[in-house]
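Accompanying notes for the structure given below.
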Amino acid sequence: MSHDEFQKHNAKILTPSFVVLLTLTVIGFALIAVRFIWGLGAVSNMSDGYPWGIWITYDVAVGTAIACGGYAMAILIYIRNKMHYHPMIRSAILTSVFGYGLAGFSVMVDVGRPWNSYNFFIPSKWQANSAMFEVALCVMAYTNVLLLEFLPAVLVTLEKTEWRTLQRFMDMLHQRTGIKRPERMDERLDSVKELAAWLKPRLDKVLIFVIVLGITLPTMHQSSLGSLLLIASTKLHPLWHTGFLPLLFLINCMYIGYSIAILESVISSYAFKRPFETRELSGVANIIPWLTVIWLSVVIGDLAWRGQLAAALSFDFYSCFFLLDFSLVAVGSLLLFSGRKRQSVRWLFISAALIVLGGALYRFNVYLIGFNPGKGWHYFPALAELLITVGIVAFEILGYQVLVKILPVLPKLHTREQLDVRQGLAEKA
Amino acid sequence: MGKVDLFPGVNRRDFIKTCMTVSAMLGLPFGMVSKVAAAAQKSDTRPAVIWLHFQECTGCSESLLRSSHPTIANLILDMISLDYHETLMAGSGHQAEKSLHDSMTANKGKYILVVEGAIPTKDNGIYCKVGGKTALESLRKAAEGATAIISIGTCASYGGIQSVGPNPTGAVGVRDIIKDKPIINIPGCPPNPYNFLSTVLYYVTFNKLPDLDNLGRPKFAYGRKIHEHCERRAHFDAGRFAKSYGDPTHAEGYCLYKLGCKGPATYANCSVVRFNDGVAWPVGIGHPCIGCTEPDLLFKTAIADKVQIHEPTPFDSYAPVDLKDKGKGPHPLTTGVIGLAAGAAIGVGAMMAKKLPDGPDKGDDHGKTE
Chain A
295 MSHDEFQKHN AKILTPSFVV LLTLTVIGFA LIAVRFIWGL GAVSNMSDGY
345 PWGIWITYDV AVGTAIACGG YAMAILIYIR NKMHYHPMIR SAILTSVFGY
395 GLAGFSVMVD VGRPWNSYNF FIPSKWQANS AMFEVALCVM AYTNVLLLEF
445 LPAVLVTLEK TEWRTLQRFM DMLHQRTGIK RPERMDERLD SVKELAAWLK
495 PRLDKVLIFV IVLGITLPTM HQSSLGSLLL IASTKLHPLW HTGFLPLLFL
545 INCMYIGYSI AILESVISSY AFKRPFETRE LSGVANIIPW LTVIWLSVVI
595 GDLAWRGQLA AALSFDFYSC FFLLDFSLVA VGSLLLFSGR KRQSVRWLFI
645 SAALIVLGGA LYRFNVYLIG FNPGKGWHYF PALAELLITV GIVAFEILGY
695 QVLVKILPVL PKLHTREQLD VRQGLAEKA
Chain B
1197 MGKVDLFPGV NRRDFIKTCM TVSAMLGLPF GMVSKVAAAA QKSDTRPAVI
1247 WLHFQECTGC SESLLRSSHP TIANLILDMI SLDYHETLMA GSGHQAEKSL
1297 HDSMTANKGK YILVVEGAIP TKDNGIYCKV GGKTALESLR KAAEGATAII
1347 SIGTCASYGG IQSVGPNPTG AVGVRDIIKD KPIINIPGCP PNPYNFLSTV
1397 LYYVTFNKLP DLDNLGRPKF AYGRKIHEHC ERRAHFDAGR FAKSYGDPTH
1447 AEGYCLYKLG CKGPATYANC SVVRFNDGVA WPVGIGHPCI GCTEPDLLFK
1497 TAIADKVQIH EPTPFDSYAP VDLKDKGKGP HPLTTGVIGL AAGAAIGVGA
1547 MMAKKLPDGP DKGDDHGKTE
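Protein sequences appear in the order of chains A and B. For what it's worth, my numbering labels the leading residue of the first sequence as 295, then goes sequentially. For what it's worth, my numbering labels the leading residue of the second sequence as 1197, then goes sequentially.
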């Protein structure tokens, strides 16, 4: 584990995509303000029949699965001891930080009486038998663990910083308004640097325990996300309601995690005009089909055991959605069985995208599409409700985009050849 | 039954039957029947009962006499020594007053005082006088030597209709005047005679008062709501209500709640014991319960007023029969936006996939299409 494996991406922060994402974020957060002033009904189509909608389904159920890149990569790197994947970990963890932090934030937007949430911090109010409680506790704890896991990137930067931007800003402020820079400012900034330098080696020593927690917590709550729906036995369609829900959710989050790590790497290399990490990606892609094969077998076996295979092939509303999520995952992983396709960036991208789509659709099916609270109930997200989700996702991408440019997150380009490629790409752009 | 006898002898079979009925109603074990019978049989232990009438309609006494169980009225007279009862006693005038006085002196501290009717208190209680004494005086004097007081009927228990505003005579129940004697309230308009009889026999058998609730009513008779054992309960649970008197829903015997039945708020055993020898009772013949055992209901709420149901035991809602659409479905604008966004995402993804190199990245073919 070395901090030299990472570098920050030297590029402008204010790009067109930055403006677009910022706009979407502002709209989303303005609507969240509306929700807190005029209540849930003002922005959302949720009802007594559908007490959770797109926010829990996407932001929490799917969002945390997509944020499992950090979890999946941590298993690969630290449990299976494949240290050559280590350069990929930081960007995976950064996505996880945003994914989980904002999932928790979405829950606060979603709950009807957020002012009661302080009870969560009073142990006497805990209902320790509740899967919901376990999810909440784990998501909260894991967000903190992720922040700790990401902290070295911040510390390294703080340690080496010369506060150029701040100095320039203070100078400008002085010229424009005549405000003098505070006395002993340099001294204080130096002490921050010293603190970072003091903390970093100590954090490195305990980081392995944090990483262990970071692997345990998602294992717990990702399966609990499945357990949540176990009690809805009369509401969830039998195609999805099974005692294996916790297991299916756990495997599902792992293959989504690896696939999203591939997608993320391909997209950021493409967008930031960096060379693709094909060797690492095809290695990761090698794992996915094994996970999906287990998952697909459990799904099929469970359907056969419960005598629901006919329902799966009846081609009604539920069957179509089931077949869609099943075949997306199946086709995506079938592609990855081919050694040649695993070497191709294009096919890696396509298959990873199919698996993420299929895996996410599975969670949508369980949480929303296959969920029927009784005759007469309808739910479809309102536009404002969707825009809040879009705003939160935009904020995630925006944060990632900005942070990779100010913190060492992306893998360092090692070889002369890679550096030349980078140079060439930059010139072409 | 050759000879005409005003108080025909009770045969043993009827006597034991009545004792058994009473034991069962009190919730006593079967073995207690003999004890009750023994207690009721002993002529020398017959408790003296003095029965005073104040502001009332004599409905409680009538109910007691009209109870059609063949021997019950007689049993009351045989099992207790009813020394003074203005409606029933043969004597009148000074003779009656003397028997009252004699009994009170002879049985001092032992007799049971039964009060029927409310007691006016305004203007020194001049609004009700018997034998030149106000009800207030009579009650205080009779209560002095009583071992326990039974207030029969809602008037004696809580004041009844006389006490309803503006209450011109200042009528109150016994419990508002007598504070130092045990008082058992047997409210009802009229109360079920069996409740009275059971209370008296309980006292005779065990020499103590039965368990009372916070309104002084014996729990064996007033421990549960009428609603809990109502024969129309199934209609209530199924949501079938009589809409108006004479309506087909009324004729079908549907629940009378919407006509103002106070059963869900009234503690009494009418729905189990019933009246007229267990044959009929108001709800059974199609009239809503008026809540006559409850001080806050009878004469305080209109008959047609519905009571709030606080403890709907099995259901608090009914399975909807006509299913309306609930919740909000898709809006064309939303689906349009989603369609555009999904289309754009798939398009961008496809374009990107096309631009990505098909093969291990050597760096130089980045961005080219193949």
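Where is the CB? At the ideal position from N, CA and C, for every residue including glycine.
Margin query: Using 8 Å as the cut-off, can you tell me whether the region 499-507 of chain A makes contact with the region 520-528 of chain A, which would need three or more C-beta pairs spanning the two stretches below that distance?
Written below: no
Note to self: Within the continuous alpha helix (DSSP H) that includes A1430(B), where are the two ends?
What the structure shows: R1429 to A1434
Check: Under three-state DSSP, which class holds L1493(B)?
Finding: coil
Next item on the list: Select from K1522(B), F1402(B), Y1453(B) and C1451(B) the residue whose C-alpha is nearest the C-alpha of A1234(B).
Entry: F1402(B)
Item checked: Residues of its chain near L704(A), where Cβ-Cβ distance is below 8 Å and the 5 sequence neighbours each way are ignored -> F300, Q301, K302, H303, R384, S385, S562, F566, R568 and V698
Next item on the list: Measuring only between beta-carbons, confirm whether T1365(B) sits less than 8 Å from chain E.
Entry: Absence of chain E from the displayed structure is noted, the protein chains being A and B.
Check: Closest Cβ-Cβ distance between Y673(A) and chain B: below 8 Å?
Finding: yes
Margin query: Which residue wins for smallest C-alpha separation from P1389(B), given the options T1445(B), M1300(B), G1349(B) and H1423(B)?
Written below: G1349(B)
Margin query: How far does the beta strand (DSSP E) with D484(A) in it extend, from its first residue to its last?
Written below: Careful: D484(A) lies outside any beta strand (DSSP E), inside the alpha helix (DSSP H) at M479 to S521.
Check: Is DSSP giving D1279(B) helix, strand or coil here?
Finding: strand
Note to self: Out of V439(A), Y379(A), A336(A) and N413(A), which one is the CA nearest neighbour of N573(A)?
What the structure shows: Note that residue 573(A) is Arg in the sequence shown, not Asn. Among V439(A), Y379(A), A336(A) and N413(A), the Cα nearest to that of R573(A) is on Y379(A).
Notebook entry, point to check: Which same chain residues, not among the five before or five after T1343(B), have their C-beta less than 7 Å away from its C-beta?
Noted result: G1305, K1306, Y1307 and I1308
Checklist line | Any C-beta of chain B under 8 Å from that of H303(A) | finding: no
Note to self: Suppose you measure from the CA of D1554(B) to the CA of R636(A); what does that come to, to the nearest Å?
What the structure shows: 10 Å
Notebook entry, point to check: In whole angstroms, what separates the C-alpha of V687(A) from that of I473(A)?
Noted result: 39 Å
Check: What are the complete alpha helix (DSSP H) segments, minimum 4 residues, inside the region 1370-1452 of chain B?
Finding: 1389-1402, 1415-1418, 1429-1434 and 1444-1447
Next item on the list: Compute the distance between the beta-carbons of H672(A) and G1523(B), then report whether it is under 8 Å.
Entry: yes
Next item on the list: Give a yes or no on whether the minimum CB-CB distance between A526(A) and chain B is below 8 Å.
Entry: no
Item checked: Simplified DSSP assignment, three categories, for A526(A) -> coil
Next item on the list: With a 10 Å radius around its C-beta and 16 neighbouring C-beta atoms as the bar for buried, classify K1421(B) as buried or exposed.
Entry: buried
Check: What is the C-beta distance between I1499(B) and G1456(B), in whole angstroms, given that I count them as a contact (C-beta under 8 Å)?
Finding: 5 Å
Next item on the list: For F415(A), write down the residues that DSSP places opposite it in a beta bridge.
Entry: According to DSSP, F415(A) bridges with nothing at all.
Item checked: Where K302(A) sits in the DSSP three-state scheme -> coil
Item checked: Buried/exposed call for L460(A), threshold 16 Cβ in 10 Å -> exposed
Notebook entry, point to check: Applying a beta-carbon distance threshold of less than 8 Å, which residues of chain A neighbour M1548(B)?
Noted result: I561, Y564 and F643
Next item on the list: Please determine, among L445(A), H515(A) and A555(A), the residue with the shortest C-alpha to C-alpha distance to M434(A).
Entry: H515(A)
Next item on the list: Can you tell me which of C1488(B), L1536(B) and P1528(B) puts its alpha carbon nearest to the alpha carbon of Y1354(B)?
Entry: C1488(B)
Margin query: Quick check: L1335(B) and I1380(B), are their CB atoms within less than 8 Å of each other?
Written below: no
Checklist line | Y1441(B) classed as buried or exposed, judged by whether at least 16 other C-beta atoms fall within 10 angstroms | finding: exposed
Checklist line | Within chain A, partners of G1525(B) - CB distance below 7 Å | finding: H672 and F674
Checklist line | CB contact flag (V1396(B), H1425(B), <8 Å) | finding: no
Item checked: Within chain B, partners of R640(A) - CB distance below 7 Å -> A1549, L1552, P1553 and D1554
Next item on the list: Please name the residues in the region 644-667 of chain A whose beta-carbon is closer than 8 Å to at least one beta-carbon of chain B, in chain order.
Entry: I644 and A647
Next item on the list: Tell me whether H1290(B) is buried or exposed, calling it buried when 16 or more other Cβ atoms sit within 10 Å of its Cβ.
Entry: exposed
Margin query: Once the 5 residues before and after G1255(B) are set aside, which same chain residues still bring their CB inside 6 Å of it?
Written below: P1386
Check: Can you give the beta carbon distance from R600(A) to T528(A), rounded, assuming they're within the 8 Å contact cut?
Finding: Contact flag wrong, Cβ pair sits at about 15 Å.
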